[in-house]
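K.L.:
The numbers in our numbering rise by one with no breaks, and the one at position 33 of the sequence shown is 778.
All C-beta atoms, glycine included, are put in the ideal place defined by N, C-alpha and C.
For reference, the structure I am asking about is given below.
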Amino acid sequence: TTPSPAAQPEAVAAACGSRPSGFGGRFLTDESRVFEQNAWDNAACSPAEEAALAASVEAKAAKKMPADEAQKLDEEAASNWDKFYSLHRDRFFKDRHWLLTEFDELRTAGRVLEVGCGAGNSAPLLQAAAASAEDAAGASGGCGLQRLFACDFSPRAVQLLAESPECQRDDRCVPFVWDVANEELPASVAPQVQPGSLDAVLLVFVLSAMPPAQMSAAVSRLTPLLRSGGSLLFRDYGRLDLAQTRLSAGRCIADHLYARGDGTRVYFFSEPDCHRLFGEEAGLVRRQLLTDRRLIVNRARQLKMFRVWVQAKYAKPED
746 TTPSPAAQPE AVAAACGSRP SGFGGRFLTD ESRVFEQNAW DNAACSPAEE
796 AALAASVEAK AAKKMPADEA QKLDEEAASN WDKFYSLHRD RFFKDRHWLL
846 TEFDELRTAG RVLEVGCGAG NSAPLLQAAA ASAEDAAGAS GGCGLQRLFA
896 CDFSPRAVQL LAESPECQRD DRCVPFVWDV ANEELPASVA PQVQPGSLDA
946 VLLVFVLSAM PPAQMSAAVS RLTPLLRSGG SLLFRDYGRL DLAQTRLSAG
996 RCIADHLYAR GDGTRVYFFS EPDCHRLFGE EAGLVRRQLL TDRRLIVNRA
1046 RQLKMFRVWV QAKYAKPED
């Protein structure tokens, strides 16, 4: 569970489990000071605020998207993401500078698969970290990263990543197209990605683009690729995130699954969703499962906006 806004920093850190020390150090301990900063870490909404947000979301979700429109979105999923990346290229999603802080397993992982790589919001950071570690070690191989397999089901996204300067100058990055929810591993990369060969699989803001049944299919294809003890690293949107509370009536496809205005889909997770998917269905061992909350403040308008993400680390059982 996430501590109340008035929780002491030590209590917040304990509730977050195995997060690195020093991460997210701006805690709201006095509600009267909420508008003194632009953002607060691990700040949950009050019970009254949560009830109001939940009621608003439920009321808008009662008006479902027509089934034929939802089916069309499923059929056009890849093309809608292609249009998205053709329009925004690599400018829409912010670089994930928090990645190695949250997932320090990536610092020593030799063979990593990033699913839903997009146009490159994680790959350049991992490549840069590997290069820095090698420079510090004074020889190639100083960092654990040997191969970064980066896949997306949008051919346009993969093309943009492949053409990026980082991938052009570092042959450790292997971009390829894979619709992991509906297809087996492509033959072009299968010889390099054998069952049991990966140290880590990275799932950051990717499963939310799929309906729940496709999430299960995707995870069932990914789990066998992990070595014994290998890590599945997950971060995605949580229930009552600002992105969910802002969606209008008629955008809800099914429980917690929505269509954005550009035709892409988004699901909002709970912790039980994650454990069912990774623990119960995939048989992985939970190492971390938490809800990460951040309060964003508009001081000029005296507005409070809540960001909510679910983060998880699961490991393949040791032989």
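#1: Tell me, please, which residues DSSP counts as bridged to Met1050.
#2: Rank Gln939, Ala800, Met960 and Thr853 by C-alpha distance to the C-alpha of Gln989 and give the top, closest one.
#3: Compute the beta-carbon to beta-carbon distance between Pro969 and Pro940, rounded to the nearest angstrom, for a pair I have assumed lies under 8 angstroms.
#4: Kindly indicate which three-state DSSP category Gly1008 falls into: helix, strand or coil?
#5: Compute the Euclidean distance between the alpha carbons of Glu803 and Pro869, then round it to the nearest angstrom.
#6: Excluding the five sequence neighbours on either side, which residues of its own chain have a C-beta within less than 8 angstroms of the C-beta of Leu1048, listed in chain order?
#7: Among Gln872, Ala806, Pro811 and Val903, which has the Cα closest to the Cα of Lys828?
#8: For Val922, which residues of its own chain have a beta-carbon under 6 angstroms away from its beta-carbon, when the five flanking residues on both sides are left out?
#9: Return the chain-ordered list of same chain residues with a C-beta closer than 6 angstroms to the C-beta of Lys809, the five sequence neighbours on each side being excluded.
#10: Are the segment 938-955 and the segment 903-918 in contact at 8 angstroms, needing three or more beta carbon pairs?
#11: Within the continuous beta strand (DSSP E) that includes Ser973, where are the two ends?
#12: Roughly how far, in whole angstroms, is the beta-carbon of Ala954 from the beta-carbon of Thr1009, given that I think they are within contact range, below 8 angstroms?
#13: Nearest-angstrom Cα distance between Phe894 and Ala1004?
#14: Just to confirm, are Gly983 and Ala1060 a CB contact at a threshold of 8 angstroms?
#15: Go to Glu820, then tell me how far its alpha helix (DSSP H) extends in each direction, as first and last residue.
#16: Note the first and the last residue of the continuous alpha helix (DSSP H) segment covering Pro920.
#17: For Thr853, count the other beta carbons within 10 Å of its own beta carbon; 16 or more makes it buried, fewer makes it exposed. Which is it?
#18: In chain order, what residues of the same chain have a beta carbon less than 7 angstroms from the beta carbon of Phe768, not counting five sequence neighbours either side?
#19: Please determine, among Leu992, Ser942, Ala963 and Leu987, the residue with the shortest C-alpha to C-alpha distance to Leu971.
#20: Along the chain, which unbroken stretches of the beta strand (DSSP E) at least 3 residues long are found entirely within the segment 907-951?
#21: Measure the Cβ-Cβ separation of His1020 and Leu1034 and say whether it is below 8 angstroms.
#22: Flag this pair as yes or no: are the beta carbons of Glu795 and Leu985 separated by less than 8 angstroms?
#23: In this structure, how does DSSP classify Glu859 when only helix, strand and coil are distinguished?
#24: Terminal residues of the continuous beta strand (DSSP E) containing Asp897?
#25: Buried or exposed, going by whether 16 or more other CB atoms sit within 10 Å of the CB of Gln872?
#26: Can you give me the C-alpha to C-alpha distance between Trp1054 and Leu890, rounded to a whole angstrom?
#27: Count the other CB atoms, across all protein chains shown, that sit within 10 Å of the CB of Ala793; report buried if there are 16 or more and exposed otherwise.
P.N.:
Short version:
#1: Locating residue 1050 in the sequence shown gives position 305, where the first residue counts as 1. Met1050 is bridged to Ile1041.
#2: One-based indexing of the sequence shown puts residue 989 at position 244. Ranking the options by Cα distance to Gln989, first place goes to Ala800.
#3: Position 224 of the sequence shown, counted from the start, is the residue given in the question as residue 969. Position 195 of the sequence shown, counted from the start, is the residue given in the question as residue 940. About 5 angstroms separates the two Cβ atoms, so the contact holds.
#4: The residue you call residue 1008 lines up with position 263 of the sequence shown. The answer is coil: DSSP assigns Gly1008 none of H, G, I, E or B.
#5: Residue 803 sits at position 58 when you count from the first residue of the sequence shown. Residue 869 sits at position 124 when you count from the first residue of the sequence shown. So the alpha carbons of these two residues sit roughly 39 angstroms apart.
#6: Taking the first residue of the sequence shown as position 1, residue 1048 is located at position 303. Hits under 8 angstroms: Val1042.
#7: Along the sequence shown, one-based indexing puts residue 828 at 83. Measuring from the Cα of Lys828, the nearest candidate turns out to be Val903.
#8: Here residue 922 refers to the residue found at position 177 of the sequence shown. For Val922, where only same-chain residues beyond five positions count, the Cβ hits under 6 angstroms are Pro900 and Val903.
#9: Here residue 809 refers to the residue found at position 64 of the sequence shown. Closer than 6 angstroms at Cβ, skipping near neighbours: Cys997.
#10: no
#11: In the sequence shown, the residue the question calls residue 973 occupies position 228. Residues Leu971 to Tyr982.
#12: Against the sequence shown, residue 954 aligns to sequence position 209. Against the sequence shown, residue 1009 aligns to sequence position 264. Rounded, the Cβ-Cβ distance is 6 angstroms, consistent with contact.
#13: One-based indexing of the sequence shown puts residue 894 at position 149. One-based indexing of the sequence shown puts residue 1004 at position 259. Approximately 29 angstroms between the Cα atoms of the pair.
#14: The residue labelled residue 983 in the question sits at position 238 within the sequence shown. The residue labelled residue 1060 in the question sits at position 315 within the sequence shown. In this structure, Ala1060 does not lie closer than 8 angstroms to Gly983 by Cβ.
#15: Counting from one through the sequence shown, the residue named residue 820 turns up at place 75. Glu820 -> alpha helix (DSSP H) spans Ala812 to Glu820.
#16: Here residue 920 refers to the residue found at position 175 of the sequence shown. Not the alpha helix (DSSP H): Pro920 falls in the beta strand (DSSP E), residues Cys918 to Val922.
#17: Numbered from its first residue, the sequence shown carries residue 853 at position 108. Looking at its Cβ environment, which holds fewer than 16 other Cβ atoms inside 10 Å, Thr853 is exposed.
#18: Within the sequence shown, numbered from 1, the residue matching residue 768 stands at position 23. The predicted model places Phe768 with a pLDDT of 46, which falls under 50 and marks its position as unreliable, so this point remains unresolved.
#19: For this step, residue 971 is matched to residue 226 along the sequence shown. If we check each option's Cα against that of Leu971, Ser942 comes out closest.
#20: 918-922 and 943-949
#21: As a first step, residue 1020 must be located in the sequence shown, where it is residue number 275. As a first step, residue 1034 must be located in the sequence shown, where it is residue number 289. Yes; because the gap between Cβ atoms is below 8 angstroms, this pair is in contact.
#22: By one-based count along the sequence shown, residue 795 stands at place 50. By one-based count along the sequence shown, residue 985 stands at place 240. Contact: yes.
#23: Position 114 of the sequence shown, counted from the first residue, corresponds to residue 859. If DSSP states are grouped into helix, strand and coil, Glu859 belongs with the strands.
#24: Here residue 897 refers to the residue found at position 152 when the sequence shown is read from its first residue. Where Asp897 is concerned, the enclosing beta strand (DSSP E) stretches over Arg892 to Asp897.
#25: By 1-based counting over the sequence shown, the position of residue 872 is 127. Result: buried.
#26: As a first step, residue 1054 is located in the sequence shown; it is residue number 309 there, counting from the start. As a first step, residue 890 is located in the sequence shown; it is residue number 145 there, counting from the start. Near 27 angstroms, if we compare the C-alpha coordinates of Leu890 and Trp1054.
#27: For this step, residue 793 is matched to residue 48 along the sequence shown. Classification for Ala793: exposed.
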